[in-house]
Structures are given as structure tokens and as C-alpha cells.
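A quick write-up on the structure given underneath.
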């Protein structure tokens, strides 16, 4: 039987129904979002002006920072504004676009992190052939692959949701449109759609995580043959990447590698991978990477020098 789609907008429950809690969250998340934008822009500026693009690691780090800004911008500004209003609404089209954006940039980030792990594997395990294997043409193709992969994943997710009928209720117990909360509102059986959604997201998350585990296992085994200085440098660059992988994949695994169900903890977990992780990425890569810190110092010295001579 055909059920018409008469829902034109959705209403978010948001992070909290307590006005005082919402005011605190408004200040906190406004600060977080500002740090995300400025921190990742600083990384991009450092890579560009510091001429670090020649290194594949920084080539991918630059685009990881760009994706982090886009990823958090899909949900954070709307969520921050909604903290100040009583009725938190989003149009049906806006909801589908938000769902697409979250999965597009989220999946692209997963693929970029996987490519960065491969880059570290080649740099440490095949140092003599590193520049030959990771030449600019191959890096461009790998980067294009991350964007295409992210697009295909997200278009499948949206296509599965768009064909479902929604006839009410239209209240989403979340602060943005994600697959599982939206599926709960469909006026039809969503079991098969839920299975396909979980298989789609789960395959990407689990597959990428397994590849990352294998890469770092091989890297750690190969480090036993290197000198103490070589091990220290390798672990320094790998350590920041491993930290980012853990704090990003942990929440994503909890959210998407499970059946079509929702938990009360989902909103807090979602805050972690849509806001906290993009905020921590610049700090992790800056604090643990000597080359990035050196490039930032040069950038700052150049700025101070320019201001001094300008006066």
C-alpha cells in the first residue's frame, strides 16, 4: 500500500530541554566550533605557506583539516543556533542535505585517515622507494578516490531514506538528521533498509579499521629493525595519527556498526565525532609533530618580521 509523504519539516529535540543547560552548551559549543575553524585553517595555512605540500603526509593532512571544517559545519552551526530557540525545526530537504553532508564528509575523513596510514607504512617500511611510490600523481588519485568513495557512500544512504514515506510524527530525538533517528519516523517497515544502511556504514568503518590495524602492526614490527632514533621519529609521526584514528573510529563504530536501533547516549557520542574530534585533530598534529611546529614558528616569525618592518 502506498503512503504519501506529507511531512515537510522535522523538529529536533536537541541536546537538552533545560534552558540553563542550553545556555551553557551554547557558549561551550560556540567556542569549540571557533577552535575547529581557526585550528584547522592554521594547519592549512602552515602547510601552504610552509611549502610542506611536497610531502605526501602534509598533502593529506591539509585536506584532512579541510574535511574537518566541512564535517563539523554540517551540524555545529545549526545546533548552536537551535540552542537559543524553543522550536528547533529543519525542512525535509534540509534534513536530507544534512544527512548527505554528515555521511559524505565523515566517510571521506575515514578514507583520508586510511590513506594517511598507507603513507606512513610506505615511509617507514619502504623508505628508499617512498617518493617513487607516493608521487604527486598517485597522491592526487588517492585523494580523488577518498572523495568519490565518500560520495558513493552518502548517496546510497540518502537514496535509501528518500524513498521512505513520512506521515508523522516528525520529532527527531537528536540535534541533527542522521540515518537511524530518521528511520524511526518512517511510516513503513524499515527492517531491510536498516540492514542495508548498517551493512553500508559497517563495511566501510570495519574495513577501514582493519586496514589501519594491519598497517600499524606491520609498521611496529618493522620498527624493531631500526635504530633508536629512527624508532623515535617514526613513532612521533605515527603516534599523532593513531590518536586521531582511535578518537574518531571509536564513536563511529559505536554508532554505525550495530543494528537499526537508537540509544539515549547517541547524542553525546555524536557530539564527540562531529565536534570534539575535528577540534582535537589540529592540536594532536601540532603538539606531536616537530615539522608542523617548526613551520608554524617560521610562519609566526615571518608575520612578526613583516609587522616590524611595516612600521
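Numbering (the numbering used here), first residue to last: 559 to 869.
Idealized CB from N, CA, C, for every residue including glycine.
Let me know if residue i comes out buried or exposed under the rule of 16 or more other beta-carbons within 10 Å of its beta-carbon.
{"i": "residue 646", "result": "buried"}
{"i": "residue 776", "result": "exposed"}
{"i": "residue 578", "result": "exposed"}
{"i": "residue 747", "result": "exposed"}
{"i": "residue 611", "result": "exposed"}
{"i": "residue 732", "result": "buried"}
{"i": "residue 826", "result": "exposed"}
{"i": "residue 724", "result": "buried"}
{"i": "residue 823", "result": "exposed"}
{"i": "residue 567", "result": "exposed"}
{"i": "residue 787", "result": "exposed"}
{"i": "residue 667", "result": "buried"}
{"i": "residue 564", "result": "exposed"}
{"i": "residue 642", "result": "exposed"}
{"i": "residue 606", "result": "exposed"}
{"i": "residue 561", "result": "Residue placement at residue 561 is poorly supported in this model, since its pLDDT is 46, which falls under 50; the coordinates still yield a value, given next. Residue 561 comes out exposed."}
{"i": "residue 765", "result": "exposed"}
Determine, using beta carbons only, whether residue i and residue j come nearer to each other than 8 Å.
{"i": "residue 594", "j": "residue 640", "result": "no"}
{"i": "residue 755", "j": "residue 657", "result": "no"}
{"i": "residue 758", "j": "residue 622", "result": "no"}
{"i": "residue 799", "j": "residue 681", "result": "no"}
{"i": "residue 803", "j": "residue 770", "result": "yes"}
{"i": "residue 843", "j": "residue 810", "result": "no"}
{"i": "residue 669", "j": "residue 608", "result": "no"}
{"i": "residue 584", "j": "residue 648", "result": "no"}
{"i": "residue 617", "j": "residue 697", "result": "yes"}
DSSP on residue i, reduced to helix/strand/coil?
{"i": "residue 825", "result": "helix"}
{"i": "residue 604", "result": "helix"}
{"i": "residue 748", "result": "coil"}
{"i": "residue 767", "result": "helix"}
{"i": "residue 570", "result": "strand"}
{"i": "residue 560", "result": "At residue 560, the pLDDT of 43 sits below 50, so the modelled position is not reliable and the matter cannot be decided from this model."}
If you follow the beta strand (DSSP E) that residue i is in, where does it begin and where does it stop?
{"i": "residue 646", "result": "646-649"}
Identify the continuous alpha helix (DSSP H) that holds residue i and give its terminal residues.
{"i": "residue 724", "result": "Run containing residue 724: none; DSSP gives neither H nor E here."}
{"i": "residue 617", "result": "614-640"}
{"i": "residue 691", "result": "688-691"}
{"i": "residue 740", "result": "737-741"}
Can you determine whether any heavy atom of the ligand FMN sits closer than 7 Å to the C-beta of residue i, and answer yes or no?
{"i": "residue 610", "result": "Among the components of this structure there are no ligands whatsoever, and the ligand FMN is therefore not found."}
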